[in-house]
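Colleague: Numbered according to this note's numbering, the sequence shown spans residues 736 to 836.
All C-beta atoms in this analysis are idealised placements derived from N, C-alpha and C, irrespective of residue type, glycine included.
These numbers were taken from a predicted model, which means no experiment stands behind them.
After the structure tokens below, expect a handful of questions from me.
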Amino acid sequence: MKKDSVVILESTVYPGTTEEVVKPILEESGLKCGEDFKIAYSAERINPGDKKHTLDKITKVVSGMDEETTELVAELYQKVSRQIFKAKDIKTAEAAKVIEN
């Protein structure tokens, strides 16, 4: 991982996973979250083969470790999805995906 990276977890995980499990693993690289890299969460919501609910038609839920990261990730996903919902924090975005499933 390079310095100034933004790591986005897209797996369906229980609330807290990104910050409590993934972040410490990434910090084993010697880089520090918040100083050297940022983390965010935006679950994959596509149903493969579903021609009605394609990536450009679904709402993409995003959240980052801070407001700046959330905005950066929202800007990235706006390139492929028309509807972006910015969750108040990563745990909320993770919970939304678990509830959806």
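Out of curiosity, what's the CA-to-CA distance linking HIS788 and ARG817?
Modeller: For this step, residue 788 is matched to residue 53 along the sequence shown. For this step, residue 817 is matched to residue 82 along the sequence shown. Their Cα atoms are separated by approximately 12 Å.
Colleague: Spell out whether any CB of chain C is found under 8 Å from the CB atom of GLU810.
Modeller: Of the protein chains in this structure there is only one, and it is not chain C.
Colleague: For ASP739, collect the residues of the same chain with a Cβ closer than 8 Å to its Cβ; drop the 5 residues on either side in sequence, then sort them by chain order.
Modeller: Locating residue 739 in the sequence shown gives position 4, where the first residue counts as 1. So the list reads ASP771 and PHE772, once near-sequence residues are dropped.
Colleague: Less than 6 Å between C-beta atoms, sequence neighbours within five positions excluded: which residues of the same chain meet that for VAL815?
Modeller: Taking the sequence shown and counting its residues from 1, one reaches residue 815 at position 80. Closer than 6 Å at the Cβ level, and outside the excluded window around VAL815, lie LEU790.
Colleague: Taking 8 Å as the cut-off, decide whether the C-beta atoms of ILE774 and LYS758 are in contact.
Modeller: Your numbering for residue 774 matches position 39 in the sequence shown. Your numbering for residue 758 matches position 23 in the sequence shown. The answer is yes: Cβ separation under 8 Å.
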